[in-house]
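Enquirer:
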Amino acid sequence: MIEKRDDRDIMMVVMKSNPFVVQVKDIPVLDYPSFMDKINLLMADEGCHIVTYHAVPLGAALRFFCCIASDSDHLLILLSHEQQASPLPVLDSLTVSHPSFHMFEREIREQYGVEFTGHPWMKPVRLHNLDAGCRMQDAGIIHPASRIPYPFYSIEGEGIHEVGVGPIHAGIIEPGYFRFSCNGEKVLHLEIQLGFQHRGIESIFLEKHSGIQRAVLAESISGDTAVGHSIAHAQLLETLAGITPAKVVQSERIIALELERIAVHIGDTAALCTDIAYQFGQVVNEALRTIIINTTQSWCGNRFGKGLVRTGGSHYPLSGGFIKILLSNLKEVEERYGQITHEMFTNPSVLSRFEGIGKVSARQAGMIGAVGMAARSSGVNRDIRWSHPFQAFTDSVYEPVTLHQGDVWARAMLRKQEVEKSILLIRDLLTGKDFERDLAQPLYEFKLQPASFALSLAEGWRGEIMHSAVTDQNGNIIHYKVKDPSFHNWMALALAVRNQEISDFPLCNKSFNLSYCGNDL
Amino acid sequence: MALSIFKIFHQHGRQYVKDLRKSFIPEGFRGRPVISSDITPAEEKSAEIVCPTGAITSGPFSLDLGKCEFCMECSFATSGKIRFTNDHRLATNSRESLIIKTGEDKPITIDKALVKKEIHSYFGHALKLRQVSAGGDNSAEMELNAAGNVNFDMGRYGIEFVASPRHSDGIVVTGPISGNMAKALQICYDAIPSPKIVVLAGTAAISGGIFENSPVTNRSFLETVKPDLYVPGNPPHPLTFINGILDLTGRK
Chain A
242 MIEKRDDRDI MMVVMKSNPF VVQVKDIPVL DYPSFMDKIN LLMADEGCHI VTYHAVPLGA
302 ALRFFCCIAS DSDHLLILLS HEQQASPLPV LDSLTVSHPS FHMFEREIRE QYGVEFTGHP
362 WMKPVRLHNL DAGCRMQDAG IIHPASRIPY PFYSIEGEGI HEVGVGPIHA GIIEPGYFRF
422 SCNGEKVLHL EIQLGFQHRG IESIFLEKHS GIQRAVLAES ISGDTAVGHS IAHAQLLETL
482 AGITPAKVVQ SERIIALELE RIAVHIGDTA ALCTDIAYQF GQVVNEALRT IIINTTQSWC
542 GNRFGKGLVR TGGSHYPLSG GFIKILLSNL KEVEERYGQI THEMFTNPSV LSRFEGIGKV
602 SARQAGMIGA VGMAARSSGV NRDIRWSHPF QAFTDSVYEP VTLHQGDVWA RAMLRKQEVE
662 KSILLIRDLL TGKDFERDLA QPLYEFKLQP ASFALSLAEG WRGEIMHSAV TDQNGNIIHY
722 KVKDPSFHNW MALALAVRNQ EISDFPLCNK SFNLSYCGND L
Chain B
722 MALSIFKIFH QHGRQYVKDL RKSFIPEGFR GRPVISSDIT PAEEKSAEIV CPTGAITSGP
782 FSLDLGKCEF CMECSFATSG KIRFTNDHRL ATNSRESLII KTGEDKPITI DKALVKKEIH
842 SYFGHALKLR QVSAGGDNSA EMELNAAGNV NFDMGRYGIE FVASPRHSDG IVVTGPISGN
902 MAKALQICYD AIPSPKIVVL AGTAAISGGI FENSPVTNRS FLETVKPDLY VPGNPPHPLT
962 FINGILDLTG RK
């Protein structure tokens, strides 16, 4: 699996498959300057982006793993360095040259107290509110050294004022804190502080040893992406256990994933209409979303697909009867969604609220390491279904939808086009397969490959989901890491609202529809 | 253009569920479970083992819907001796009513004796609620949103979610109550004028669910506040929520 290509190879692990597993002893440990050199070399290529950079305590040392995805070469590149955990390491910040590292360095600093010299914006990721009930330090999730008072970024000048919103917002929406620095109605800067939803997901993965508990936990990382996170989790454990699920199970997972994408994209189309007071688009799209989630419910009993994805197999094989319902509902939604979106995108009053609002340029999206929809609507082609195919995507080549405008219109239009594409994809997946013949029950008892590092990627409706684990000598999971696409993309929202009217914030926010709980874990 | 709008309207038709009180969800939905009387001790044991949240306990054998994640694994492990019916009416004001015992097959209802006197008179005609997600995974939140959408249209009963706690008559909590939200939740609750009701929506809110023993949740809010309604589910279905609220407020 490890390709020895050129002089870079002894320095890093290069994998062609997603997910992948590699023994920890086979991962070269670089000194920090060489690690930085390699990162600089790789990140100079526009076709590369950061997947994860996190630390794992191994004995008295802190082992750092950084995975870079080369999208154009379809490779995953793993680099590593190691530092003594005590005294606290002081490292040169990579964020200075590669802004897309900013969240990852902040997270490492918060969890392990590592200093990153020169980091331009060292602030908490999930830690705050220490006197108000935050229990992260007692739980050992944050390092005491990361208890730094953080003043929000402020801009001074005549007529400059600040608007603080949150953590509780006006509506049924998850909590997060937004602070705007404005000049009149114009937003100069938006700072987003999250962490309110932190439930300790990664540490609970280590405490829960049964496969069912872990499956339920994976579904709860972000309930709107239950299928996406479940697939990333299931294929991670399967690769560690050396299990390959049956082809039909792989197809079923992707059908579920695309149903989730269709439902959320249509729901978001409705929500975008709500935010511009276009009630016609809102109600019609709401009703169409209901058809899709009810279809998922008639498949597995849950409107969000919880319980559908399990390691090794599935409790809910596609039946002939259900396939008929699925195809007929898809046909109806395809037709009606086509009509309402045509109406929307030819309506001048809709277009005037979508076009040119909340623009993120391709350069900005690339720089901050945007993934998924947020990247593709700004002309950056990042789609794991194409670049690092998983499950049934390995059987055919998926062509991603990309738009270059980067505004609210592009993010709305991308949804429309992806819905159409996902419907075609599901029809393709249903063709020529006998789902009922090849039943495979879930497996929960299996031995994981010892002393290994595994990483798995899936393209949820928001974008790239990463799950990664490290096992000990006995095959027990000693470290579990989750990255929701929102972890990259919140910065895109902050950039989108610059120089916009503050009244356009709700529309911009909805156009990204990022996850709070997925970010906060 | 006008023609196509008419076509869309025509196909859209009437979307609202006509009678929310009599409406049912098709078979396959994971609703109120029934434990068969012929469940064997071995099956009881395996159900207890597979349950991810300890909702199933023995002596006497029972399933606690306040802890249940509705994953159905106990049903698969007992060849259907634990069966999830499509009865979506799961909401109650009595925590004990959420505990299902072997052989029981009766609707889950509101215990009228426990309903605060002012609830019927103050909130029987209109009820405004403030929702707070405190570590929720956004699925319960989406279902609460759906309760007011074009299909379920809870607003027909004068029941709505509002933006400000100052305008609301109660709070609907989702999520296991993360430590980082504990203070905000308390502030929001305090800002609601009395009398007020408290609803816990979803398994995570009722018991913590899979996050029950998470060291970073902080459920001290519930030590001083007594919930008026528990709405089980992962997430709770809009019909479960709406019918629960209607029952609690004494509506027909």
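Top to bottom, those sequences are chains A and B.
Following the working numbering, the numbering of the first sequence begins with 242 at its first residue and continues without gaps.
Following the working numbering, the numbering of the second sequence begins with 722 at its first residue and continues without gaps.
Just so you know, even glycine gets a beta-carbon here, dropped at the ideal spot from N, CA and C.
Please read these numbers as outputs of a predicted model, since none were measured by experiment.
(1) In whole angstroms, give me the CA-to-CA distance for Met242 (chain A) and Met252 (chain A).
(2) If Leu736 (chain A) sits next to Asn750 (chain A), beta carbons under 8 Å apart, how far is it from one beta carbon to the other, in whole angstroms?
(3) Kindly indicate which three-state DSSP category Pro754 (chain B) falls into: helix, strand or coil?
(4) Kindly indicate the opening and closing residues of the beta strand (DSSP E) around Cys423 (chain A).
(5) Do Ile829 (chain B) and Arg753 (chain B) have their C-beta atoms within less than 8 Å of each other?
(6) How would you list, in chain order, the residues of chain B whose beta-carbon sits under 9 Å from the beta-carbon of Pro408 (chain A)?
(7) What residue range does the alpha helix (DSSP H) around Leu835 (chain B) cover?
(8) If I measure Cβ to Cβ from Thr712 (chain A) and keep anything under 7 Å in the same chain, skipping five residues before and after, which residues do I get?
(9) Nearest-angstrom Cα distance between Gly704 (chain A) and Glu479 (chain A)?
(10) Under 8 Å, Cβ to Cβ, is there at least one residue of chain B near Ile445 (chain A)?
(11) Is there a Cβ from chain A that is less than 8 Å from the Cβ of Cys792 (chain B)?
(12) Roughly how many angstroms lie between the CA atoms of Ile803 (chain B) and Ile484 (chain A), to the nearest whole one?
(13) If you run the structure through DSSP and keep just helix, strand and coil, what is Thr552 (chain A)?
(14) Report yes or no: is there a C-beta of chain A within less than 8 Å of the C-beta of Ile729 (chain B)?
(15) Cβ of His888 (chain B) less than 8 Å from any chain A Cβ?
(16) Taking Ile534 (chain A) and Gly759 (chain A) to be in contact with their CB atoms under 8 Å, please state how far apart those CB atoms are, rounded to whole angstroms.
(17) Extract the residue ranges of the beta strand (DSSP E) inside the segment 806 to 882 of chain B, only unbroken runs of 3 or more that lie entirely within it.
(18) Out of A:His729, A:Lys724, A:Phe687, A:Phe728, which one is the CA nearest neighbour of Asn715 (chain A)?
(19) For a cutoff of 8 Å on Cβ pairs, would you count Asp688 (chain B) as touching chain A?
(20) Let me make sure I understand the geometry here. Which of A:Val404, A:Val490, A:Ala386 has the alpha-carbon closest to that of Glu677 (chain A)?
(21) Counting only beta-carbon atoms, is Met863 (chain B) nearer than 8 Å to chain A?
(22) Let me know if His506 (chain A) comes out buried or exposed under the rule of 16 or more other beta-carbons within 10 Å of its beta-carbon.
(23) When the Cα atoms are used, what is the spatial distance from Ala456 (chain A) to Ile382 (chain A)?
(24) Just by C-beta distance, which residues in the segment 515 to 542 of chain A are closer than 7 Å to chain B?
(25) Give me the Cα-Cα distance between Gly780 (chain B) and His958 (chain B), rounded to the nearest whole angstrom.
(26) Do you know how far the Cα of Asn526 (chain A) is from the Cα of Ile729 (chain B)?
(27) Find the residues of chain B that neighbour Arg502 (chain A), judging by a C-beta separation of less than 9 Å, and give them in chain order.
(28) Taking the alpha-carbon of Ala606 (chain A) as reference, which of A:Leu500, A:Glu596, A:Val621 has the nearest alpha-carbon?
(29) Does the beta carbon of Arg249 (chain A) sit closer than 8 Å to a beta carbon anywhere in chain B?
(30) Just tell me which of A:Leu335, A:Pro269, A:Ala296, A:Val337 has its CA closest to the CA of Ile318 (chain A).
(31) Per DSSP, what kind of secondary structure is Lys751 (chain A) in: helix, strand or coil?
(32) Only counting the same chain, and skipping five residues up and downstream in sequence, which positions put a Cβ closer than 6 Å to that of Gln632 (chain A)?
(33) Indicate whether the contact test is met: 3 or more Cβ pairs, each with one atom in the segment 817 to 829 of chain B and one in the segment 586 to 596 of chain A, closer than 8 Å.
(34) Relative to the C-alpha of Pro956 (chain B), which candidate in B:Ser842, B:Phe750, B:Ser725 has its C-alpha closest?
(35) Using a beta-carbon distance cut-off of less than 7 Å, what residues from the segment 571 to 593 of chain A approach chain B?
(36) Using a cut-off of 8 Å between C-beta atoms, extract the partners of Leu481 (chain A) located in chain B.
Expert: Reading off the structure:
(1) Here Met242 (chain A) scores only 36 on pLDDT, less than 50, and its place in the model should not be relied on; the value that follows carries that caveat. In this structure, the straight-line span from the alpha carbon of Met242 (chain A) to that of Met252 (chain A) is close to 15 Å.
(2) The C-beta distance from Leu736 (chain A) to Asn750 (chain A) rounds to 13 Å, too long to meet the 8 Å contact threshold.
(3) Note: Pro754 (chain B) maps to strand in three-state DSSP.
(4) From DSSP, the beta strand (DSSP E) with Cys423 (chain A) extends over 418 to 424.
(5) Cβ atoms of Ile829 (chain B) and Arg753 (chain B): closer than 8 Å.
(6) Within chain B, Asn901, Met902, Ala905 have C-beta atoms less than 9 Å from the C-beta of Pro408 (chain A), given in sequence order.
(7) That residue, Leu835 (chain B), is in no alpha helix (DSSP H); it is neither H nor E in DSSP.
(8) For Thr712 (chain A), same chain residues with a beta-carbon under 7 Å away, outside a window of 5 residues either side, are Leu481, Leu689, Gln690, Pro691, Ala692, Ser693, Ile718, Ile719 in chain order.
(9) Straight-line Cα distance between these residues: approximately 22 Å.
(10) So yes, Ile445 (chain A) belongs to the interface.
(11) It does: the Cβ of Cys792 (chain B) has a partner Cβ on chain A nearer than 8 Å.
(12) So the alpha carbons of these two residues sit roughly 30 Å apart.
(13) For Thr552 (chain A), the secondary structure class from DSSP, reduced to helix, strand or coil, is coil.
(14) Yes, its Cβ sits closer than 8 Å to a Cβ of chain A.
(15) Taking CB atoms only, His888 (chain B) has no neighbour in chain A less than 8 Å away.
(16) About 19 Å separates the beta carbon of Ile534 (chain A) from that of Gly759 (chain A), a gap too long to meet the 8 Å contact definition.
(17) Segments of the beta strand (DSSP E) lying fully in the segment 806 to 882 of chain B: 820 to 822, 848 to 854, 880 to 882.
(18) It is A:Phe687.
(19) Only positions 722 to 973 of chain B appear in this structure, which leaves residue 688 (chain B) out of reach.
(20) Just measuring C-alpha positions, the residue of A:Val404, A:Val490, A:Ala386 sitting nearest Glu677 (chain A) is A:Val490.
(21) So yes, Met863 (chain B) belongs to the interface.
(22) Looking at its Cβ environment, which holds 16 or more other Cβ atoms inside 10 Å, His506 (chain A) is buried.
(23) Rounded to whole angstroms, the gap between the alpha carbons of Ala456 (chain A) and Ile382 (chain A) is 22 Å.
(24) Residues of the segment 515 to 542 of chain A with a C-beta atom less than 7 Å from some C-beta of chain B are Val524, Val525, Glu527, Ala528, Thr531, Gln538, Ser539, Gly542, listed in chain order.
(25) For the pair Gly780 (chain B) and His958 (chain B), the Cα-to-Cα distance works out to about 31 Å.
(26) Each residue's Cα considered, the two are about 11 Å apart.
(27) Result: empty, since nearest Cβ-Cβ is about 15 Å, beyond 9 Å.
(28) When each option's Cα is compared against that of Ala606 (chain A), the closest is A:Val621.
(29) Summary for Arg249 (chain A): the model assigns pLDDT 48, below 50, so the residue's position carries little reliability; its value from the coordinates is reported in the next sentence. Residue contact check for Arg249 (chain A) against chain B: no CB pair falls below 8 Å.
(30) When each option's Cα is compared against that of Ile318 (chain A), the closest is A:Pro269.
(31) In the three-state scheme derived from DSSP, where H, G and I count as helix and E and B as strand, Lys751 (chain A) is classed as helix.
(32) Gln491, Arg494, Ile495, listed in sequence order.
(33) Note that the segment 817 to 829 of chain B does not touch the segment 586 to 596 of chain A; fewer than 3 beta-carbon pairs, one per stretch, sit closer than 8 Å.
(34) Out of B:Ser842, B:Phe750, B:Ser725, B:Phe750 has the C-alpha closest to the C-alpha of Pro956 (chain B).
(35) For the segment 571 to 593 of chain A, which is checked against every Cβ of chain B, the residues closer than 7 Å are Arg577, Gln580, Ile581, Glu584.
(36) Residues of chain B with a Cβ closer than 8 Å to the Cβ of Leu481 (chain A) do not exist, since the nearest Cβ in that chain sits about 20 Å away.
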